[in-house]
Amino acid sequence: MAVADNKTEKPDGWNRPPVMEPEGEGELLEVAMGPHHPSTHGVFRMDVALDGERVIRLKPVFGYLHRNHEKLAEGMSYLGSMPFTDRLDYICSLTNNWAYALAVEKLTGQEVPERAEYLRVILGELTRFQNHASSIGFLIQEMGASGTPLMYAFREREKILDLFEALTGARMMVNYMRFGGCRVDASAAWLDAARKVVAGLPGFADEMDRLLSGNEILMARTQGVGILRPELAVNAGVTGPMLRASGVNYDIRKVDGYGIYNRFNFRVPLGDHWDVYDRYMIRLLEMRESIKILEQALKDIPAGPVMDPKAKLRGFRPKPGEAYGRIEAPKGELGFYLISDGGPNPYRYRVRPPSLINLTVLEDMALGENVADVVLIFGSVDIVLGEVDR
Amino acid sequence: MAVEAGLKIELGKQGVFVTTLEELYNWGRRNSIWPMQFGLACCAIEMIATTMARYDLARFGAEVFRPSPRQADLMIVSGTVTKKMAPQVVRLYNQMAEPKYVIAMGACAISGGPFKQGYNVLKGIDRYIPVDVHIPGCPPRPEALIQAFMTLQKKIDGQHLTGEGRPRHLDAQAQGEFPVPVPGEHDLEPASNPGVWPVPLVIQGSGIRDQGSGNSKS
Amino acid sequence: MKTIEEIKAAIEAAIPGAGVEIVPNPSPSGQHSLRLAPDHAVEVAKFLRDDAELALDFLSNVTGVDWPDCLEAVYHLYSVALKHGPLVIRMRTVNRTDQVELPSLTPVWRSAEFQEREIFDLFGIVFAGHPDLRRILMWDDFKDHPMRRDYVEPDDFEYEPTAHDEVLKRAQEHRNRE
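Okay, structure coming up:
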């Protein structure tokens, strides 16, 4: 059987978590962390088996927020599912909308006008900024900082949410992208307000950096904790800042070049040490890259329509076929897989949840660590339960 | 029985403060309601935003969000309650000490919300536990949550300490703990708690009207 | 990346008798897929992952589909090393009732672990060789496979103020039951 050789032969079972042996005597202490726990970012449960303070076994349990989004979508029209995609990753609803719109546009071959693409990029990067800020805030809160970085992050988030509300009508569940463009055009006044907000963002990123990055407690607790090897990360389907913190240069904005991302000049930060501190730093650096993209997009946005004039809004029945569309959401690779049978409802509607797949390696990262660090490792994965359970 | 308002103000100017025990008791309770840190889904993010710097909920007395149910007075059910999570919610409610209140925040907690046609979605948390304030919205704005909080405070103000309508913690016979549903093979068992959620049956166009509490077993 | 015909030829050259066929995709997305026969699927998967020209080391998405006569698992593969993709591979079960086994690709790509558990939970495909096949989203005692098209939801009475049609019928049945 001639199978092509790979240079590094991997033995069977190399991508399974190691079986840990307890060092002490006596029974293991089994703790169920969650579903009601101050640090589990929502209703998530981890069944941890401890030997003293060391973690021997960790099994995640989900499903506490399973709202059968995929089954609902089979009974609704394509456009009717758009508000439900808001509620997947509820902190970043605009990128969810974008991923779904992209998948449907791949299915039908629709084109998106240029101004709409620029608006999508602007809103997507604003979403990414406030998501990374909140994520850092939540991570530091679990370290014991009692909410102060979270207060700072939410202060910036409120400014960005004001922009969203002025443009789309809602703070969180925006329902803004459509197949072939955006729902509403942005006025010149809104663009000016956006420029003002973006002008204040570098100062905020600097403030966070100055206050947190050199902090002794942060460094002592996060450096060397929760290491994720790059080959395991790729094999386990990890994407997003977690993958880049493990040193793998894979950013879907650069690889796929969806939308107009290849017009913008931005770098992809990578991590060297693959630990929790790297994930924190990657998020901070990505916030700065987002600011760069925002400045370029806000400068270059052209005039024009925001909706494809040939787009069919009523009686939308794509031809039979299937498509998988994905974007670089703030949490990872968010993809939508649609199978159409020619009717107004999708035959199969599948969400590829980055948070769920990033949790595949939670056990590997947490084995052998102290139980207090499990909370940090879990916080650095940055999940949202709406996406994990859909 | 209270002193007339004009007289109260006059006495107040002289440095004499007149009140009833009930007012004082309720005033203390309403201004220090500590919620439990219980966010389920998207509404939880708006709840967190309400406690942050812009819409500070701590001004109203919700100073700290306690993670432990034993130390909390208020459970803000924010987000969709699924059938997998419902036993946990009821258990947490049972573990809270009296007096305890529940705010159902958002459409999902009131009735299942946009996910109503769900095999795993509980159509409203008031099927199993008594709810004091319902806030519609998806998600309700932080101002709406503050309004609900103020409504709860008004409700506490209006509670009389003696007599028929007295709150549960002053009534030795009242039921404070509710049975926890068990996940069965296809659904939760029981599907709802008839003592808490009397099915109101006003079915339009069918001539069926059912006054009062709906679980009428004649 | 090679075209779908070239990939099929490469697989058949490496693993004779692999049972691969092309499933064309009529939509403008151009994402055609390969249907694999279940008995050689794990070898084909290892070839796709380890081959130097394809290097499809990243399994992005595993989906379950409920067709009228069988169940299907669809895998979307990308390459992080060579930055190309996607390649879509599919496997079908024999029928929907009793012969619902498929080989698990978790030993090849770890990212299939939770996603195959989800397909087992919601569709009922049993993945042979999966290290930990149990329900993931529903509770363990749950008996049905909810994403199947013939799933009947439990009779959860829903109160509506202006009931009509289906809901009115169900409300009346509940009324009579009480």
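Note that the protein sequences, when read in sequence, are chains C, D and F.
Counting from 1, one number per residue, gives the positions in the first sequence under my numbering.
Counting from 391, one number per residue, gives the positions in the second sequence under my numbering.
Counting from 609, one number per residue, gives the positions in the third sequence under my numbering.
Ideal placement from N, C-alpha and C gives every residue a C-beta, glycine not left out.
Tell me, please, which residues DSSP counts as bridged to residue i.
i                : result
Leu50 (chain C)  : C:Leu29, C:Val55
Asp674 (chain F) : F:Leu679
Arg326 (chain C) : C:Gly335
Glu579 (chain D) : D:Val572
Ala494 (chain D) : D:Val467, D:His524
Gly321 (chain C) : C:Ser340
For residue i, count neighbouring C-beta atoms within 10 Å of its own C-beta (all shown protein chains included) and say buried if the count is 16 or more, exposed if not.
i                : result
Tyr759 (chain F) : exposed
Trp98 (chain C)  : buried
Val393 (chain D) : exposed
Gly325 (chain C) : buried
Asp389 (chain C) : buried
Gly437 (chain D) : Before going on, a small fix: residue 437 (chain D) reads as Met here, not Gly. Per the 10 Å Cβ criterion, buried.
Asn510 (chain D) : buried
His772 (chain F) : exposed
Gly625 (chain F) : exposed
Arg657 (chain F) : buried
Ser93 (chain C)  : buried
Phe428 (chain D) : buried
Ser603 (chain D) : With a pLDDT of 39 at Ser603 (chain D), under the threshold of 50, the modelled position of this residue cannot be trusted, and the question is left open.
Arg556 (chain D) : exposed
Val682 (chain F) : buried
Gln404 (chain D) : exposed
Val406 (chain D) : exposed
Ala720 (chain F) : buried
Asp748 (chain F) : exposed
Arg267 (chain C) : exposed
Arg279 (chain C) : buried
Ile423 (chain D) : buried
Ala452 (chain D) : buried
Taking a contact to mean a Cβ-Cβ separation below 8 Å, would you say residue i touches residue j in this structure?
i                : j                : result
Asn633 (chain F) : Glu295 (chain C) : no
Phe655 (chain F) : Ile697 (chain F) : no
Ile91 (chain C)  : Leu126 (chain C) : no
Gly502 (chain D) : Ser468 (chain D) : no
Glu387 (chain C) : Ser355 (chain C) : yes
Val570 (chain D) : Asp516 (chain D) : no
Tyr491 (chain D) : Phe568 (chain D) : no
Gly271 (chain C) : Arg244 (chain C) : yes
Leu713 (chain F) : Ser687 (chain F) : no
Leu139 (chain C) : Gly379 (chain C) : yes
Leu482 (chain D) : Pro459 (chain D) : yes
Pro425 (chain D) : Ala462 (chain D) : yes
Gly259 (chain C) : Gly332 (chain C) : no
Val673 (chain F) : Arg348 (chain C) : yes
Gly226 (chain C) : Leu376 (chain C) : yes
Val31 (chain C)  : Val48 (chain C)  : yes
Leu284 (chain C) : Ser187 (chain C) : no
Arg120 (chain C) : Pro302 (chain C) : no
Val716 (chain F) : Ala653 (chain F) : yes
Does residue i have its Cβ less than 8 Å from a Cβ in chain B?
i                : result
Tyr324 (chain C) : Of the protein chains in this structure, namely C, D and F, none is chain B.
For a contact defined as C-beta to C-beta under 9 Å, what are the partners of residue i on chain C?
i                : result
Glu436 (chain D) : Arg171, Met172
Gln617 (chain D) : Past the boundaries of the shown model lies residue 617 (chain D); chain D is included only from 391 to 608, so the question cannot be answered.
Given that residue i touches chain F, what residues does it touch there, using C-beta distances under 8 Å?
i                : result
Gly574 (chain D) : Asp749
Ala245 (chain C) : Those within 8 Å of Ala245 (chain C) in chain F number zero; the least Cβ separation is about 15 Å.
Thr360 (chain C) : Arg718, Ser719, Glu721, Phe722
Which residues in chain D sit within 8 Å of residue i, going by Cβ to Cβ distance?
i                : result
Glu761 (chain F) : Gln507, Tyr509
Met746 (chain F) : Lys474, Asn510
Tyr100 (chain C) : Per Cβ cutoff of 8 Å: no residues; Tyr100 (chain C) is ~16 Å from chain D at best.
Using a cut-off of 9 Å between C-beta atoms, extract the partners of residue i located in chain D.
i                : result
Asp752 (chain F) : Tyr509, Glu575, His576
Going along chain F in order, which residues have a C-beta closer than 7 Å to the C-beta of residue i?
i                : result
Tyr250 (chain C) : Val688
In chain D, what lies closer than 7 Å to residue i by C-beta?
i               : result
Val43 (chain C) : Leu430, Met475
What does residue i reach in chain C if we use C-beta pairs closer than 7 Å?
i                : result
Pro557 (chain D) : What Pro557 (chain D) touches in chain C: nothing, since even the nearest Cβ is about 25 Å away.
Give a single yes or no on whether residue i has its beta carbon closer than 7 Å to a heavy atom of the ligand SAH.
i                : result
Leu695 (chain F) : The ligand content of the structure shown is nil, which means the ligand SAH is not present either.
Name the chain F residues whose beta carbon is nearer than 9 Å to that of residue i?
i                : result
Asn391 (chain C) : The structure shown has nothing for residue 391 (chain C), since chain C only spans 1 to 390.
Proximal residues, the stretch 312-323 of chain C versus chain F, C-beta separation under 8 Å: Across the stretch 312-323 of chain C, CB contacts with chain F closer than 8 Å involve Pro318, Lys319, Pro320, Gly321, Glu322, Ala323, in sequence order along the chain.
Given a limit of 7 Å on CB to CB distance, which residues of the stretch 27-39 of chain C reach chain D? Result list: Pro35, His36, Pro38.
Could you name the residues of the stretch 513-545 of chain D whose beta carbon sits closer than 8 Å to any beta carbon of chain C, in the order they occur along the chain? So the list reads Cys528, Pro529, Arg531, given in the order they occur along the chain.
Pull out every residue of the stretch 67-88 of chain C whose Cβ sits closer than 9 Å to any Cβ of chain D, in chain order. Of all residues in the stretch 67-88 of chain C, only Arg67, Asn68, His69, Lys71, Leu72, Gly75, Pro83, Phe84, Asp86, Arg87 place a beta-carbon less than 9 Å from a beta-carbon of chain D.
For the stretch 136-167 of chain C, enumerate the residues whose C-beta is nearer than 7 Å to any C-beta of chain D, in chain order. Taking 7 Å as the Cβ-Cβ cut-off, the stretch 136-167 of chain C approaches chain D at Met151, Phe154, Arg155, Glu158, given in chain order.
Contact residues within the stretch 104-136 of chain C, judged by C-beta distance below 7 Å to chain F: Those would be Lys106, Leu107, Thr108, Gly109, in chain order.
Using a Cβ-Cβ cut-off of less than 7 Å, list which residues of the stretch 612-636 of chain F approach chain C; keep chain order. Listed by position along the chain: Ala622, Ile623, Asn633, Pro634, Ser635, Pro636.
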